[in-house]
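All the letters of the sequence shown, read from the start, carry residue numbers 0 to 471 under numbering that gives the first Met the number 0.
Using N, Cα and C, we set each Cβ at its ideal position, and we do this for glycine too.
All remarks here apply to the structure that follows.
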Amino acid sequence: MKQIRKTSLLLTFAFAAITFISCDEKVSSIDPTTITTVSEETYADTDFVATDWTDETHSKSGDANFSLVFDDTKVQRLDFVVTKNRWQMMLNDMTEKYGTFGSSGRPGGLTETENPIFVPADVTYNGKKWYRAGIRFKGNSSLQSTWQSGNLKLSFKLDFDEFEDEYPQIDNQRFNGFKQMSLKNNYGDTSFLREKVAGDVFRNAGLAGSHTAFYTLYVDYGDGPVYFGLYTLTEEVDDTVIDTQFSSDKGNLYKPDGDAASFANGSFDTSEMDKQTNEDEADFSDVQQLYTIINDATRTTDAAAWRAKLDANFDTKTFLKYLAINTTIQNWDTYGRMTHNYFLYNNPANGLLTWIPWDNNEALQTGKQGGSLNLNFSGLSSTQWPIIGYMYQDAVYKAQYDVYLKETIDGAFNATTMQALYTKYATLVEPYATTETQGYTFLRSSSEFSSAINTLKSHVTSRAAAVEAYLK
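Okay, here's the thing in structure tokens:
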């Protein structure tokens, strides 16, 4: 994989003048004629000593330091330093994929094979430097929309040993125990809290999921640090989530994306069951079995036998708990409306495919694309979304779902607790959110932030009432 990536990087990109609004709100541009090609510049800086390196903070042997990296009590800071040439290469690559910055001239989104390019950059945190880490832009429709709207507050993916082959000094480099992380830009979220809070709710209910934390990001791409705004740092599922929240990280991890992610009859396609682990093993029998069982006609002729087969392949209790939480908090950008934004992990401890939520920035609102699902799933096409539809039609599974709904509003999404949490987080992030600058923000005014927080507080109260009404 790294050789393929390196070969791709060594291509010369067509240079286009990228115009953008800088942090001081002046329009500026980089003359593409001054930018070298990747092959001329990318790996020319190998002569350095990793003076800040310690086993605890930089080595693979160090434990993942969750309490430090994902500290809920503060807003921390990350700094990227990337050369002007490399930054321009990232922008040129985005132009190839999405068209001119600030213009909606290129329709469509990325596919899994068309991720933006990684480039080496130094990352500074708490006075320590991490060397030549891989950074790239990340996302799909949100990345496209942000870029085409002329907003440089783009999400980033970090891989701290992406370039270890080119820089032996960073062999197996880790960031306080983490190999990969995402910096999410809170796209379309003027509260800045939805990704963080939704993730908290899932994990507080006992489900596997990513830790998150608030960070400001500054990027120096040649002329000093520029404030890119307030981000949500997110733990990667295929890195430490399966390593620390399961007994083993050796199981098959899938990130379904595309029609097959619906599990509708006739949709199964291994190319859309994107394997995140054990990629070299062409064994998809576990997810194929789930597809076969969920669509098995015995669910209507012998429900007990159907449930037994499903329970032997799929962690149905975890899914029903997830479903109850997801429907209560209202999260539309995932299974049931969209064919993405979840993982399936074959848990080595019990051999069951386990549901893991992912990408929650659209949660905690009625939503788009037809809106969030109703608590009783009225309007849902069971044939199109059989994991929800067929399980809810089964009396035993429906009863368990109803129990989890009550647990959700009494526990992880209790209205009183959530009101206090919203107040706490809003107080924490407001100084950083409301000082974002033009060209690096989704906020139009500071009052928009306050209004979004009030909307979240009203939302949790209304959802508790909706669940109580449903249960009656």
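6 Å CB neighbourhood of Arg462 in its chain, flanking five on each side removed: Here the question's residue 462 lines up with position 463 in the sequence shown. Only Thr327 meet the Cβ criterion.
Where Asn453 falls, given that 16 or more other Cβ within 10 Å makes a residue buried: The residue labelled residue 453 in the question sits at position 454 within the sequence shown. With fewer than 16 other Cβ atoms inside 10 Å of its own Cβ, Asn453 counts as exposed.
Simplified DSSP assignment, three categories, for Trp146: Within the sequence shown, residue 146 is the residue found at index 147, counting from 1. In the structure shown, Trp146 sits in a helix (DSSP, three-state: H, G or I).
Alpha carbon of Val459 to alpha carbon of Glu271, nearest angstrom: To locate residue 459, count along the sequence shown from 1; it is residue 460. To locate residue 271, count along the sequence shown from 1; it is residue 272. Whole-angstrom Cα-Cα distance: 35 Å.
DSSP three-state assignment for Arg202, whether helix, strand or coil: Along the sequence shown, one-based indexing puts residue 202 at 203. Collapsing the DSSP output to three states places Arg202 in a helix.
Touch test, the segment 156–163 against the segment 185–205, Cβ-Cβ under 8 Å, three pairs minimum: Using a C-beta cut-off of 8 Å, the segment 156–163 makes no contact with the segment 185–205, since fewer than three inter-stretch Cβ pairs fall below that distance.
The segment 312–319 touching the segment 289–298, judged by at least three CB pairs closer than 8 Å: Touching, per the Cβ criterion.
Ile324, DSSP secondary structure in three states: Counting from one through the sequence shown, the residue named residue 324 turns up at place 325. The three-state reading of DSSP puts Ile324 in helix, counting H, G and I together.
Touching by the beta-carbon criterion (3+ pairs, under 8 Å), the segment 317–331 and the segment 220–232: The answer is no - the segment 220–232 does not touch the segment 317–331, with fewer than three Cβ pairs under 8 Å.
Secondary structure of Glu55, DSSP reduced to three states: Start at 1 with the first residue of the sequence shown, and residue 55 comes out as number 56. Helix.
For Lys183 and Leu442, the rounded distance between their alpha carbons: Position 443 of the sequence shown, counted from the start, is the residue given in the question as residue 442. Position 184 of the sequence shown, counted from the start, is the residue given in the question as residue 183. Note on geometry: alpha-carbon atoms of Leu442 and Lys183 lie some 16 Å from one another.
Presumed contact (8 Å Cβ cut-off) between Ser381 and Gln392, rounded CB distance: Residue 381 sits at position 382 when you count from the first residue of the sequence shown. Residue 392 sits at position 393 when you count from the first residue of the sequence shown. Right, their Cβ atoms sit about 7 Å apart.
Close beta carbons around Gly366, own chain, < 8 Å, minus the five adjacent residues each side: Here residue 366 corresponds to residue number 367 of the sequence shown, with the count starting at 1. Cβ within range, chain order: Gln329, Asn330, Trp331, Asp332, Arg336.
DSSP beta-bridge partners of Asp273: Locating residue 273 in the sequence shown gives position 274, where the first residue counts as 1. DSSP lists Lys254 as partners of Asp273.
Whole-number beta carbon distance between Asp238 and Gln288, since they are thought to touch under 8 Å: As a first step, residue 288 is located in the sequence shown; it is residue number 289 there, counting from the start. As a first step, residue 238 is located in the sequence shown; it is residue number 239 there, counting from the start. The Cβ separation is near 27 Å, so there is no contact.
The segment 85–102 touching the segment 205–212, judged by at least three CB pairs closer than 8 Å: The segment 85–102, when compared against the segment 205–212, does not touch it at the 8 Å Cβ threshold.
Buried or exposed by the 16-neighbour rule on C-beta atoms within 10 Å, applied to Pro255: Counting from one through the sequence shown, the residue named residue 255 turns up at place 256. Burial check for Pro255: the Cβ neighbour count within 10 Å reaches 16 or more, so the residue is buried.
Buried/exposed call for Phe507, threshold 16 Cβ in 10 Å: It is not possible to answer for residue 507, since the shown part of the chain is limited to 0 through 471.
Backbone CA spacing between Lys249 and Thr99 [nearest angstrom]: The residue you call residue 249 lines up with position 250 of the sequence shown. The residue you call residue 99 lines up with position 100 of the sequence shown. Their backbone Cα atoms lie some 42 Å apart in a straight line.
Cα-Cα separation between Ala411 and Val395, rounded to whole angstroms: Translated into positions along the sequence shown, residue 411 becomes position 412. Translated into positions along the sequence shown, residue 395 becomes position 396. Straight through space, the alpha carbons of Val395 and Ala411 are spaced by roughly 23 Å.
Buried or exposed (CB count within 10 angstroms, at least 16 for buried), Glu113: As a first step, residue 113 must be located in the sequence shown, where it is residue number 114. It is exposed - the Cβ of Glu113 has fewer than 16 other Cβ atoms within 10 Å.
Identity of the residues DSSP links to Ile134 by a beta bridge: What you label residue 134 is simply residue 135 of the sequence shown in a count that begins at 1. Beta-bridge partners of Ile134 (DSSP): Val118, Leu157.
Proximity of Pro356 and Ser246 at Cβ, strictly below 9 Å: The count along the sequence shown starts at 1 and reaches residue 356 at position 357. The count along the sequence shown starts at 1 and reaches residue 246 at position 247. Result no, Cβ atoms of Pro356 and Ser246 do not sit closer than 9 Å.
Collapsed DSSP secondary structure at Asn413 in the structure displayed: Here residue 413 corresponds to residue number 414 of the sequence shown, with the count starting at 1. DSSP places Asn413 in coil when its eight states are reduced to three.
Same chain only: Cβ atoms within 8 Å of Glu447, ignoring 5 sequence neighbours per side: As a working mapping, residue 447 is identified with position 448 in the sequence shown. Cβ within range, chain order: Thr189.
Range of the contiguous alpha helix (DSSP H) that encloses Lys308: Position 309 of the sequence shown holds residue 308. If you look at Lys308, you'll find it in the alpha helix (DSSP H) that goes 302–310.
DSSP state of Glu234 mapped onto helix, strand, coil: Here the question's residue 234 lines up with position 235 in the sequence shown. Three-state result, Glu234: strand.
Cβ-based burial, Gly198 [other Cβ within 10 Å; buried from 16]: What you label residue 198 is simply residue 199 of the sequence shown in a count that begins at 1. When all chains shown are included, Gly198 counts as buried.
Reference Glu165; option with closest CA among Val118, Lys423, Gly223, Asp222: Walking along the sequence shown from the start, residue 165 turns up at place 166. When only C-alpha atoms are compared, the closest one is Val118.
Spatial distance of Thr353 from Glu278 (CA atoms): For the purposes of this step, residue 353 is taken as the residue at position 354 of the sequence shown. For the purposes of this step, residue 278 is taken as the residue at position 279 of the sequence shown. Cα atoms of Thr353 and Glu278: separation of roughly 18 Å, rounded to the nearest angstrom.
Where Asp401 sits in the DSSP three-state scheme: The residue labelled residue 401 in the question sits at position 402 within the sequence shown. Looking at Asp401 - three-state DSSP - the assignment turns out to be helix.
Residues bridged to Asp219 [DSSP beta-bridge criterion]: Within the sequence shown, residue 219 is the residue found at index 220, counting from 1. Per DSSP, Val80, Pro224.
Three-state class that DSSP yields for Trp331 in the structure shown: Reading the sequence shown from its first residue, position 332 is the one you call residue 331. Looking at Trp331 - three-state DSSP - the assignment turns out to be coil, as it is neither helix nor strand.
Outcome for Ala260 when other beta-carbon atoms lying within 10 angstroms are tallied against a minimum of 16: Position 261 of the sequence shown, counted from the start, is the residue given in the question as residue 260. Buried, because 16 or more other Cβ atoms sit within 10 Å of the Cβ of Ala260.
Per-residue DSSP class, three states only, for Gln437: Walking along the sequence shown from the start, residue 437 turns up at place 438. Coil.
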